[in-house]
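Novice:
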Amino acid sequence: MSSGSHLSKELFDLVKSIGESKSKQEEDKIITQEVINLKTKISEPGIPIKKMKEMLIRAIYIEMLGHDSSFAYIHAINMTNCPSVAAKRVGYVTCALCLPSESPMLILLVANLQRDLQSSNYLEVSAALTAVCKLVNAGFLHAFSDQIVRLTTHTHELIRKKAVMVLSRFIKVSPSQASEYIPIFRKMLCDRDPSVMGASLNAFAELLKDPENVPLFKDIITSFIAILRQINEHRLPRDFDYHKMPAPWIQIRILEILARLGEGDKRASDQMHDAISEVMRRADEIGDNIGYALVYQCMKTITQIYPHPPLIESAAQLVSRFLTAGDNNLKYTGITGLISIVKINPKYSLKHQMIVVDCLEDPDETLKRKTLSLLYKMCSATNIKVIIEKLNNELKSLAYDFHLKQEIVSQITELAEKFAPDSKWYTKTMIEMFENASDFIRPSIVNSLVRLVDEWREDSVLIQFTVNEYYNVLKNYNNIPDCLMQVTAWVLGEFGDMLVGERHEETVILLCRSLFKRFEDSLTKGWILTAVQKLNKGIPSEMCRDYISRFATSRNEDLQQRCYEFANVVTKLSSPLAFRNNQSLVVDFEFLNPYIQQQVVRGAKMYNPERNRKGLGFLIHKTRNDEYKASEALQSMRLVPYSAPTLQEKYVPRAQESQPVTSELQVRAKAWSTQGYQGTNQGFSSSSGSGSFGSGFSSNPSTGFSSNPSSGFSSNPSSGFSSNPSSGFSSNPSSGFSSNPSSGFSSNPSSSFSNNPGFSSNSGLGYSTGNFQEAPRFSNPVSQSFKQPKSKFMKTEKELAKEAFAQNLFGGVEQTEQPKPQTRPAPPQPVQKPLENLLDF
640 MSSGSHLSKE
650 LFDLVKSIGE
660 SKSKQEEDKI
670 ITQEVINLKT
680 KISEPGIPIK
690 KMKEMLIRAI
700 YIEMLGHDSS
710 FAYIHAINMT
720 NCPSVAAKRV
730 GYVTCALCLP
740 SESPMLILLV
750 ANLQRDLQSS
760 NYLEVSAALT
770 AVCKLVNAGF
780 LHAFSDQIVR
790 LTTHTHELIR
800 KKAVMVLSRF
810 IKVSPSQASE
820 YIPIFRKMLC
830 DRDPSVMGAS
840 LNAFAELLKD
850 PENVPLFKDI
860 ITSFIAILRQ
870 INEHRLPRDF
880 DYHKMPAPWI
890 QIRILEILAR
900 LGEGDKRASD
910 QMHDAISEVM
920 RRADEIGDNI
930 GYALVYQCMK
940 TITQIYPHPP
950 LIESAAQLVS
960 RFLTAGDNNL
970 KYTGITGLIS
980 IVKINPKYSL
990 KHQMIVVDCL
1000 EDPDETLKRK
1010 TLSLLYKMCS
1020 ATNIKVIIEK
1030 LNNELKSLAY
1040 DFHLKQEIVS
1050 QITELAEKFA
1060 PDSKWYTKTM
1070 IEMFENASDF
1080 IRPSIVNSLV
1090 RLVDEWREDS
1100 VLIQFTVNEY
1110 YNVLKNYNNI
1120 PDCLMQVTAW
1130 VLGEFGDMLV
1140 GERHEETVIL
1150 LCRSLFKRFE
1160 DSLTKGWILT
1170 AVQKLNKGIP
1180 SEMCRDYISR
1190 FATSRNEDLQ
1200 QRCYEFANVV
1210 TKLSSPLAFR
1220 NNQSLVVDFE
1230 FLNPYIQQQV
1240 VRGAKMYNPE
1250 RNRKGLGFLI
1260 HKTRNDEYKA
1270 SEALQSMRLV
1280 PYSAPTLQEK
1290 YVPRAQESQP
1300 VTSELQVRAK
1310 AWSTQGYQGT
1320 NQGFSSSSGS
1330 GSFGSGFSSN
1340 PSTGFSSNPS
1350 SGFSSNPSSG
1360 FSSNPSSGFS
1370 SNPSSGFSSN
1380 PSSGFSSNPS
1390 SSFSNNPGFS
1400 SNSGLGYSTG
1410 NFQEAPRFSN
1420 PVSQSFKQPK
1430 SKFMKTEKEL
1440 AKEAFAQNLF
1450 GGVEQTEQPK
1460 PQTRPAPPQP
1470 VQKPLENLLD
1480 F
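Here my numbering is used: the first residue of the sequence shown is 640, the next is one more, and so on.
In structure tokens form, the structure reads like this:
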């Protein structure tokens, strides 16, 4: 009771009851009752000053606990008018702690503050400066500026110190006026009182955050170094010591300033080396937490100024002491320091490889996360596989830390693109990451992966591997996340032709069944449906028709629209001339004989040839008159009867232009937009990428079913259904829906049928709804291919396992040549089938 004898019984009971409360609800109940009582009492007239001071303290206590005490603000402002210095200080403190800086009640304080700043009592001036430093905003800055500048020459060091602190606050509120106060800060740096000098250092640190201000202070580097030497040599009064360390916070602030002034400047950095080395040596001798803090700041300064090998070596040795300490706080400091040193030279991490491995397995979550950041910084082409494996394992173990998961996903994506040893490893890594952290995959990552796979289409071996991987995902995974399902649907829809026989049919069945699964993203089923459309290039199966008809009544407008478009396409494909493989055409029309006989029985006339209608003499006369016209033609005419036309020639797409690839991850730059990849052919393209049709099915007689002369079902001899034996259904290589495996409703870059930029590899992707953001271009960092060394992993020996992991993490590996990409072999000639077999449909 003796420690609280100066408190009234009400205030003492309030503090005691809140301290003894056992739950947040009980605490809120006590404070709510106190607010009601205080609001009633503070409004009573004739309250003594001593009682009012206590009520304002209770109001501050209420604000500290998160409740509103705005009813007391006006009483605090009135308290600043009291003649008593103690009461005035309570009023200013209450205003500084409780009033927002943009409160309209501040205007009531301006006159009181201006009056007290001119007071002859330095205690009143000090109280006013405290309130100004907290409450000033851009609107009231000019009202106090001149008075504050005059107070920097006050006779009392406390006033000079607080005046410098207020000016530091001014440059934060209004950086444009910083130039007016720089001469004052330079003058205060040389003040005879160390506290005033220390206050000016905060202003310099704030000004140097702007790189444009750095050249303004290059001339006083020697002054900062001289101050640092004096402090380190114990020339300051003992009042500034903390645990036998002379003015540690002033030293830390000077080191921060020197780090900014010496960054990238060798001449300036050379002046600092001796002073920093001496500070670091003496701080290490203290052996206390404040000494470790100063050593850590020295390490940060050494790694930020122009590199000096002897200093870096000294810092690395001190990092070793931190990492081998038993205290996890010191280990955390050592890991943080090692991150700074590794940025300059990664070789220093080799000495601490086993310690880093131990930190990865430490139960302290904070230490483990900082070690993961170290792995990200020290990653290279030699240890990329081990580090990515560790990051993926961490993704699996994290349950609730969503921020850290998102950070690790970004790290894996960046490192895999930058240091991937080969494209196959990259494919497996991205599948694993999509599975472990599906909720944190941004649409830009999905689009980037789709774009990268599209760049591989000329490498048949790599595409075959990618298709098999995503086929296994579709077949073996039960609950496929949205992001992985979207990429899987795109890859299988684009390159599903490489799955032959039962695997192709099974893929269609699995995709159709996936339409009935629940996905968080409504667009995922659109990806799946488009993949089904691409895989069914001809007449779809009855099962597929049934699934499509079910989703035609879906509430999802995008999915419903795709179903209707697919149904429309199927209707056109159901004509007798639609078939999916190259087949011969039978032109003897024997299948019409039953129809002809039936019509003759009904009285129709038999076909009468021209010879019978006009007589043989007419034909002889016509032949003689035209003999001179036909003579030259007959000499070069081939009189051997033509065979039935067949579709045996294939359209071979032109090789797309590519840029040289320097990294092992095969990437080719290509323009990407919300409408898809920019190319020359449009094929089913919407005009804006918003779902509207710019080239749908038109009955224009000059273009067939398409308003675009280069796409769609066309009766135009240059683009429609043609019987030309060298062109399938179309003589235009960029027109759609051809039995030619290189064109029409296939993976041909000029004829994809896609409703999303992510669905098609088309260089002129069509049919876009603009659902995806513009993806950034892939970078082409230079990397090499590496071969993983043989592992020495022993399942029963934990220490050998750590050594093997550390060897893979920090040790070098041999380089091997990456096999050159191979071009896709031409598909075998399909067996020709008679057209009459298709009429059963």
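For glycine and all other residues, C-beta sits at the position ideal for the given N, C-alpha and C.
What would DSSP say about Ser1381, mapped onto helix, strand or coil?
Specialist: Confidence at Ser1381 is low in this model, with a pLDDT of 38, below 50, so the placement of that residue should be treated as unreliable; the coordinate-derived value is given next. In this structure, Ser1381 counts as coil in the three-state DSSP scheme.
Novice: For Tyr731, which of helix, strand or coil comes out of DSSP?
Specialist: Note: Tyr731 maps to helix in three-state DSSP.
Novice: For Asp904, name the three-state secondary structure that DSSP assigns.
Specialist: Coil, per DSSP.
Novice: In chain order, what residues of the same chain lie with their CB nearer than 6 Å to the CB of Leu957, ignoring the 5 residues before and after it?
Specialist: The residues are Val934.
Novice: If you scan the stretch 838 to 872 from start to end, which runs of the alpha helix (DSSP H) of 4 or more residues do you find wholly inside it?
Specialist: Counting only runs of 4 or more, we get 860 to 871.
Novice: On the premise that Arg1152 lies in contact with Tyr1110, defined as a C-beta separation below 8 Å, what is that separation, rounded to the nearest angstrom?
Specialist: With a Cβ gap of about 14 Å, Tyr1110 and Arg1152 do not count as contacting.
Novice: Looking only at its chain, what residues have a beta carbon closer than 8 Å to the beta carbon of Ser908, apart from the 5 residues adjacent to it on each side?
Specialist: Around Ser908: Gly901, Ile944, Tyr945, His947.
Novice: Measure the alpha-carbon distance for Arg697 versus Val732 and round it to whole angstroms.
Specialist: Looking at the two C-alpha atoms, the distance is approximately 13 Å.
Novice: Quick check: what's the CA-CA separation for Ile889 versus Gly837?
Specialist: Using only the alpha carbons, I get a separation of about 6 Å.
Novice: Going along the chain, which residues of its own chain have a beta-carbon closer than 6 Å to the beta-carbon of Asn1195, five neighbours each way excluded?
Specialist: Correct list, in chain order: Ser1161.
Novice: For Ile978, which residues in the same chain have their Cβ closer than 6 Å to its Cβ, ignoring the five residues on either side in sequence?
Specialist: The residues are Leu1013, Lys1016.
Novice: Label Val1139 either buried or exposed according to how many other C-beta atoms from any shown protein chain fall within 10 Å of its C-beta, with 16 as the threshold for buried.
Specialist: Exposed is the call here.
Novice: For Tyr881, which of helix, strand or coil comes out of DSSP?
Specialist: DSSP places Tyr881 in strand when its eight states are reduced to three.
Novice: In angstroms, rounded to a whole number, what distance separates the CA positions of Ser1345 and Val1171?
Specialist: Legend: pLDDT at Ser1345 = 39, less than 50; position of this residue unreliable, value from coordinates given subsequently. Looking at the two C-alpha atoms, the distance is approximately 22 Å.
Novice: Cutting at 7 Å between CB atoms, please list the residues of its own chain near Asp1078, excluding the five before and the five after it.
Specialist: Taken in chain order, the list of residues that qualify is empty.
Novice: What residue from Lys857, Phe863, Val853 has the CA that sits closest to Ser839's CA?
Specialist: Checking every option, the nearest Cα to that of Ser839 belongs to Phe863.
Novice: Ignore the nearest five residues each way along the sequence and tell me which others in Ile1080's own chain have a CB closer than 7 Å to its CB.
Specialist: Val1048, Phe1073, Cys1122.
Novice: Run through DSSP, which three-state label would Cys737 get?
Specialist: Helix at Cys737.
Novice: To the nearest angstrom, report how far apart Thr1052 and Glu666 are at their CA atoms.
Specialist: Each residue's Cα considered, the two are about 47 Å apart.
Novice: My assumption, with CB atoms under 8 Å, is that Val803 sits in contact with Val771. Please give the rounded CB distance.
Specialist: Their Cβ separation, rounded to whole angstroms, is 13 Å, which puts Val803 and Val771 out of contact at 8 Å.
Novice: At which residue ranges does the stretch 892 to 968 contain complete alpha helix (DSSP H) runs of 4 or more residues, listed in the order of the chain?
Specialist: List check, alpha helix (DSSP H) in window: 905 to 909, 912 to 925, 928 to 943, 948 to 962.
Novice: Checking 8 Å against the spacing of the C-beta atoms, do Leu875 and Ala886 come in under that value?
Specialist: For Leu875 and Ala886, yes; Cβs fall inside 8 Å.
Novice: Between the Cα of Lys857 and the Cα atoms of Arg1201, Ala1038, Arg906, Lys668, which residue gives the shortest distance?
Specialist: Measuring from the Cα of Lys857, the nearest candidate turns out to be Arg906.
Novice: Here's the rule: buried if 16 or more other CB atoms are within 10 angstroms of the residue's CB, otherwise exposed. What is Tyr1186?
Specialist: So Tyr1186 counts as buried.
Novice: Which whole-angstrom value is the C-beta distance of Ile787 and Val805, which I expect to be below 8 Å?
Specialist: At roughly 5 Å, the Cβ-Cβ gap stays under 8 Å, so Ile787 and Val805 are in contact.
Novice: Tell me where the alpha helix (DSSP H) around Ile1167 begins and ends.
Specialist: That run of the alpha helix (DSSP H) goes 1163 to 1174.
Novice: For Glu1144, name the three-state secondary structure that DSSP assigns.
Specialist: Of the three classes helix, strand and coil, the one that applies to Glu1144 here is helix, per DSSP.
Novice: Is Asn1086 near the ligand SAH, in the sense that its beta carbon is under 7 Å from a heavy atom of that ligand?
Specialist: For the structure depicted, the ligand SAH is absent and the ligand set is empty, with no information on it obtainable.
Novice: For the alpha helix (DSSP H) that Phe783 lies in, which residues bound it at each end?
Specialist: From DSSP, the alpha helix (DSSP H) with Phe783 extends over 780 to 790.
Novice: With a Cβ-Cβ cutoff of 8 Å, do Val1106 and Leu1131 count as a contact?
Specialist: Yes, they are a contact pair.
Novice: Taking only three categories from DSSP, how would you classify Leu1138?
Specialist: DSSP places Leu1138 in coil when its eight states are reduced to three.
Novice: Please classify Asp652: does DSSP put it in a helix, a strand, or coil?
Specialist: The answer is helix: DSSP assigns Asp652 an H, G or I state.
Novice: Would you mind working out which of Lys1035, Glu895, Asp1098, Thr1146 sits nearest Val1112, comparing C-alpha positions?
Specialist: Out of Lys1035, Glu895, Asp1098, Thr1146, Thr1146 has the C-alpha closest to the C-alpha of Val1112.
Novice: If you draw a straight line from the C-alpha of Glu763 to the C-alpha of Cys721, how long is it?
Specialist: If you take the alpha carbons of Glu763 and Cys721, they lie about 11 Å apart.
Novice: Can you tell me the Cα-Cα spacing of Val775 and Pro814, whole angstroms?
Specialist: Answer to the nearest angstrom: the Cα atoms are 14 Å apart.
Novice: With H, G and I counted as helix, E and B as strand and the rest as coil, what does DSSP make of Asn984?
Specialist: Asn984: coil per DSSP, three-state reduction.
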